[in-house]
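In this note's numbering, the protein residues as written are -4 to 288.
Where is the CB? At the ideal position from N, CA and C, for every residue including glycine.
Here is the structure we will look at, set down as structure tokens.
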């Protein structure tokens, strides 16, 4: 119990000093005293939750979260943290109940629906996850991440066309995000829609022309189709962007060797080795191609 001449703020300050000094147990002890008032401050309780979670003391964190939710039952941050704690404790049924409580208090909060959908998805309840995400999108149709999460569910349900539709919708909502174009392109490739995939990959490059990964994605697309010359051109661009990266020369050398350009391959392997002289893979490939020429 707190001493009569010392209020909760005093013990909170002591907790701060203890934490700063690396004495987490001392910080927790002071916070426990600071939160013994009839109406404890939520910020003190929340700090206590954080410290218990740092030490993986999930049961104790759950007790404090229950107190916080008693003070403010509509606080989504408290509720979602409690759900995470319950999942850590393998109390998944209770976690699901917490989702339902939150949604009964605020049925029009899309973030809660999405969080519950992720929980259901991980539990293998795909139909329920699909339902929650569909509701979230009806409430907020302009959120691209919701579309991507819905696409993941459709893929798990082996509905690639529906998944692709959602990813393409995400690209129209966020046209400056190249990642969604890449995801859509990969889906197009899987569906055999190679020309459409190429257009999407080129669009991603148009958005971020100086990102090596975007050119790498296009190169991999060409490699799958056996378009070695086009893949080499992608590597030309990557090397132009970053001429000090040896792996790019090595990859281009491999492509040139595949295309029958042994002299070009030898030059690229040699360049890769000059940039990373300890790499045994580069050296063995260079030695092998010298033997061929």
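Hey, could you find the ends of the alpha helix (DSSP H) residue 280 is sitting in?
275 to 287 is the span of the alpha helix (DSSP H), which, as asked, contains residue 280.
When burial is assigned at 16 or more other CB atoms within 10 Å of the CB, is residue 61 buried or exposed?
Residue 61 comes out exposed.
What does the alpha-carbon distance come out to for the pair residue 77 and residue 46?
Between the alpha carbons of residue 77 and residue 46 lies a distance of about 14 Å.
Per-residue burial, residue 145 [other beta carbons within 10 Å of its own, 16 or more giving buried]
The residue is buried, with at least 16 neighbouring Cβ atoms inside 10 Å.
Alpha carbon of residue 142 to alpha carbon of residue 202, nearest angstrom
Residue 142 and residue 202: Cα-Cα distance of roughly 21 Å.
Are there 16 or more other CB atoms within 10 angstroms of the CB of residue 263, so buried, or fewer, so exposed?
In this structure residue 263 is buried. Its beta-carbon is surrounded by 16 or more other beta-carbon atoms within 10 angstroms.
Could you tell me the boundaries of the alpha helix (DSSP H) in which residue 89 lies?
For residue 89, the uninterrupted alpha helix (DSSP H) run begins and ends at 87 to 100, by DSSP.
Is residue 7 helix, strand or coil when you go by DSSP?
When secondary structure is reduced to three states using DSSP, residue 7 falls in the helix class.
Hey, would you say residue 225 sits closer than 8 Å to residue 217, going by beta carbons?
Against a cut-off of 8 Å, the Cβ pair of residue 217 and residue 225 comes out as a contact.
Tell me the DSSP secondary structure of residue 217 in three-state form.
Here DSSP, grouped into helix, strand and coil, assigns residue 217 to helix.
Is residue 237 helix, strand or coil when you go by DSSP?
In this structure, DSSP gives residue 237 a state outside helix and strand, which the three-state scheme calls coil.
Tell me whether the beta-carbon of residue 111 lies closer than 8 Å to the beta-carbon of residue 84.
Taking 8 Å as the Cβ cut-off, residue 111 and residue 84 do not qualify as a contacting pair.
Among 137, 246 and 147, which residue has its Cα nearest to the Cα of residue 169?
Measuring from the Cα of residue 169, the nearest candidate turns out to be 137.
Here's a check: name, in chain order, each residue in its chain whose Cβ is nearer than 6 Å to the Cβ of residue 213, leaving out the five neighbours to either side.
So the list reads 196 and 229, once near-sequence residues are dropped.
Residue 184 to residue 237 span [Cα, whole Å]:
Rounded to the nearest angstrom, the two C-alpha atoms are 28 Å apart.
How long is the line joining the alpha carbons of residue 19 and residue 50, rounded to whole angstroms?
Between residue 19 and residue 50, the C-alpha separation is close to 9 Å.
Throw me the rounded Cβ distance for the residue 107 and residue 97 pair, which I believe falls under 8 Å.
Here residue 107 really is in contact with residue 97; their C-beta atoms are around 5 Å apart, less than 8 Å.
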